[in-house]
Structures are given as C-alpha cells and as structure tokens.
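Structure record follows, encoded as structure tokens.
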Amino acid sequence: MSTAPATPGPGKTSQPTTRPRLDEDGRRERLEAFHATLSAQVLSLTTSQAWTAWLGTAARFHHYSTLNTVAIWAQRSDATQVAGYRVWQSMGRQVRKGEQGIQILAPVTRRPDQPDPDGPDGPDKDHDSARPSPAVAGQDHPPAGARRVVGYRIAHVFDISQTDGDPLAQLADIRPRLLTGQAPEHLWDGLALQVSEAGYHLADEALSNGANGQTNYTNRSVLIHPDLDPAHRVKTLAHELGHITLHEPGDSSDASTFAASCRGRIEVEAESVAFLVTSARGMDSSQFSFPYVAGWAQQSKDVEATLRETASRALSTAHKILDRLERDNPAPLDVAEDQAPTIVHTPRRRTQHEAHRPAAPNRAPDVGMSR
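Residue numbers for the sequence shown, in the working numbering: 84 to 454.
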C-alpha cells in the first residue's frame with residue numbers, strides 16, 4: 084500500500100498558460116447541463132427495453148443458499164445460470180433430453196392446519212414428540228395461514244448450457260465499463276489535496292471486495308485500486324471525495340440523512356458528483372457513470388424522483404470541488420470545461436517498492452460494487 088501524492092511532483096515549478104477563471108453563474112449553468120444529460124441518460128437506461136427485460140429475467144432466478152451454491156459448483160463447476168425444469172420452460176427454453184440434473188436441497192413447507200403425513204395426525208403417531216414445533220422464532224404460535232419449513236427434499240435444477248430455446252435478456256451492453264486512458268492534468272493532485280485537507284489518508288490498495296475505491300469513515304482513509312487506468316482512478320477519487328463531502332457521519336448536518344438514506348441514494352449522489360467534476364474538466368465518464376447511477380437509482384420506487392431529489396446536493400458539491408480546483412490549478416486554455424482535454428499526464432500510482440508487484444487481472448465491474 085502506498086501513499087498517493089497530494090501535491091505536484093518535484094520539478095513542476097511553472098504553470099501552463101491559463102484562461103480567465105469562469106464566473107460562478109457560468110459554471111453552474113454548465114454543471115446543470117451536465118446533470119440534465121446524466122438524468123436523461125439514466126432514465127433512458129432504466130426505462131429501456133433491454134433494462135426491463137434483464138430485470139425480469141433476473142427476478143426469475145432463485146437466490147440459492149451457500150450450501151446449494153457449493154453443491155451446484157461441486158456437480159457442475161462451469162454452471163452460470165441455473166433454474167428448475169418448469170422455470171426454463173416458462174422462459175421459452177427446454178432442457179435437452181438426457182441431461183442430468185444438478186441436485187440441491189429444497190425446503191418442504193406446510194401450513195399449520197395441513198396434516199403432516201409423518202406427524203401426530205399421520206401414520207407415525209408414536210413419534211409425535213420428535214416432530215418440530217409449529218412455532219415461529221420469536222412467537223408462541225405461527226401467524227394464521229403462515230407456512231413453516233418441516234423438512235427438505237432433493238430437487239433438480241439445470242444450467243442454461245443444458246437447455247435450448249429463446250435467448251435470455253442480457254445486460255452486457257449497459258453494464259458499467261471501466262474507463263481507459265489518461266486523466267486531465269492536475270486533476271488527480273487537486274482532488275487528492277482536498278481529500279487530505281478533509282483529514283483523510285489517501286492510499287493505493289487492491290480491495291478484496293472487488294470495488295475500485297473505498298472510503299472508511301472510522302479510520303479516515305480513502306483507498307483506490309492501483310491497477311486501474313489513470314482516467315478511472317481519477318473518477319473514482321472524485322467519487323470518494325463526493326462521499327466525504329456529502330455522507331460523512333461525523334458531520335452533524337448530514338448525520339441523520341446518512342443514517343436514514345438507503346445505499347442506493349448515497350451512491351447516486353457520489354457518482355453524480357464524479358460525473359460532474361470529470362465532465363467539467365473535459366473527461367467523459369459516461370460509459371461507467373450512466374449505468375452505475377442507473378443501477379443504484381433503480382433500487383428506489385421512483386428513479387426520476389431520486390435523480391431530482393439528489394440533484395441539488397450533487398450540483399452544489401461538484402461546484403464546491405471545482406471552485407477549489409480552479410483556485411489551485413486553473414484549467415489550461417486548451418482544456419475548456421465542455422471539451423476533451425488535450426494536455427494529460429499520468430498520476431503516480433505506485434512507490435518504487437511496489438513497482439515490481441504483478442498487476443492484478445482485469446476485473447469486470449458489477450453494478451453497486453465498483454466505482
């Protein structure tokens with residue numbers, strides 16, 4: 084783990100020619116335009132046929148227990164999507180004749196008023212003392228009509244590779260895609276300085292949970308994955324700075340909001356800040372930010388309301404960050420806030436000691452885990 088630089092490297096004694104600093108009204112207009120684009124694209128994604136079809140598909144697949152997941156892997160290690168025989172039929176696919184099912188444990192449930200063939204009203208009356216009680220945890224009696232688990236049975240599921248039929252809805256085309264390439268000059272150093280001034284330690288670390296960045300409010304640290312391209316590292320750093328500014332529990336003005344808000348709303352705000360900041364500095368993060376925000380916003384009942392309610396906080400935070408960036412390092416003349424940068428540099432990513440560490444394999448980001 085290496086400490087990320089918070090100030091320009093040695094030898095940087097002169098600044099590039101700069102243009103006049105934008106007035107606040109002009110900046111706000113640009114940020115509002117960027118946020119309008121973000122909202123429109125997110126709404127387009129969450130209401131698109133591909134998105135809704137994929138959600139419908141995902142809902143049809145059961146979330147298996149850890150025990151059953153291990154059982155599936157042990158019997159068919161290459162399985163990717165499994166479901167029961169009739170579920171596949173309902174989705175327009177048919178299990179091929181002769182395919183061997185994957186055995187899992189399925190619960191057997193009954194209502195309290197439904198006789199158990201092996202219970203006290205069944206043929207094995209002499210062993211009723213060994214039967215499970217119908218009580219539910221925390222209750223003396225189960226709710227009227229509630230079903231209870233009375234045992235388990237062997238059930239069979241099949242992997243998609245064992246079936247033929249209609250293709251399933253895919254989300255590959257609208258998953259977040261990691262950014263590649265370089266970052267705008269001075270952006271990393273400017274964001275790192277603000278993280279440091281907020282009292283957080285910034286460091287490189289390969290996170291075991293698959294995320295690209297992480298903010299820890301307890302030990303006041305911000306971790307960024309070291310093996311991302313500079314463009315994605317700087318976007319992730321802007322995302323984490325958004326969390327620090329908006330969601331720090333120690334800030335009394337936002338503590339109740341932080342505690343009451345769902346994770347989805349928090350991630351929408353932080354990634355919106357990242358998109359606004361990088362866009363204002365001429366870097367396009369839409370291939371990651373749009374589907375990432377869409378994925379988290381989809382958790383709410385009203386995506387449009389979530390975007391509308393988070394807009395003000397995201398805009399004001401982005402404006403605050405950019406205002407400080409502009410004071411420290413005004414954007415060069417040839418990097419207007421609505422254009423792609425032409426002067427770029429690579430943020431320092433590792434110490435000399437870590438330079439020989441093998442690079443981590445490329446990782447496909449998951450909605451809601453990677454930033």
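Glycine included, each C-beta is placed from N, C-alpha and C at the ideal position.
Assignment of D249 by DSSP, reduced to helix, strand and coil, places it in the coil class. A straight-line Cα-Cα distance of about 19 Å links R110 and E268. Nearest neighbour of V233 by Cα position, chosen from V356, D249, G273, P190, turns out to be P190. When only Cα atoms are considered, S304 and Q177 end up about 51 Å apart. The beta carbon of F117 is closer than 6 Å to those of L359, S362 in its chain, skipping five residues each way along the sequence.
At the C-beta level, T400 and T328 come within 9 Å of one another. Contact annotation: P259 and Y300 have beta-carbon atoms that are not nearer than 9 Å.
With a cut-off of 8 Å on Cβ pairs, the region 401-410 is not in contact with the region 152-160, counting fewer than three such pairs.
For the 9 Å CB-CB criterion, R230 and R169 do not form a contact. By the C-beta criterion, the region 276-290 is judged not to be in contact with the region 233-252, since fewer than 3 inter-stretch pairs fall below 8 Å. Where H315 is concerned, the enclosing alpha helix (DSSP H) starts and stops at 313-330. S369 has its alpha-carbon roughly 13 Å from the corresponding atom of A119. Ranked by how close their Cα comes to the Cα of W379, the residues Q132, C345, L398, H322 have C345 in first place. In this structure L274 is not in contact with D411, their Cβ atoms being roughly 10 Å apart against a cut-off of 8 Å. Residue pairing for H269: DSSP places it in no beta bridge. Collapsing the DSSP output to three states places R193 in a strand.
Cβ atoms of L114 and F373 stay farther apart than 8 Å, at about 17 Å. Between the beta-carbon of R179 and that of D249 there is about 15 Å, and that puts the pair past the 8 Å contact cut. Straight-line measurement puts the Cα of E352 at about 7 Å from the Cα of R396. Counting along the chain, H284 sits inside no alpha helix (DSSP H); it lies in the beta strand (DSSP E) bounded by residues 284-287. Annotated three-state conformation of Q277 is helix, per DSSP. Annotation for R346: the continuous alpha helix (DSSP H) segment containing it runs 346-363. In the DSSP assignment, G109 falls within the unbroken alpha helix (DSSP H) covering 107-129. DSSP places S372 within a helical segment (H, G or I) once states are collapsed to three. Around the beta carbon of D272, a 10 Å sphere encloses 16 or more other beta carbons of the protein chains shown; the residue is thus reported as buried. Under the criterion of beta carbons closer than 8 Å, L262 and H315 qualify as touching, at roughly 4 Å.
Within the model, the alpha-carbon separation for E323 versus D385 is close to 25 Å.
One alpha carbon belongs to V125, the other to M366, and they sit about 18 Å apart. Residue environment: G296 is assigned as buried (16 or more neighbouring CB atoms within 10 Å of its CB, all protein chains considered).
Between L251 and A281, the alpha-carbon positions lie close to 47 Å from each other. R176 is bridged by DSSP to G248. With 16 or more neighbouring CB atoms inside 10 Å of its own CB, G325 falls in the buried class. Residue pairing of R236 in beta bridges, as defined by DSSP: A189.
Counting along the chain, the unbroken alpha helix (DSSP H) around T400 starts and ends at 386-411. Distance between H308 and N292, taken at the CA atoms: about 11 Å.
Taking the Cα positions, P313 is about 19 Å away from T298.
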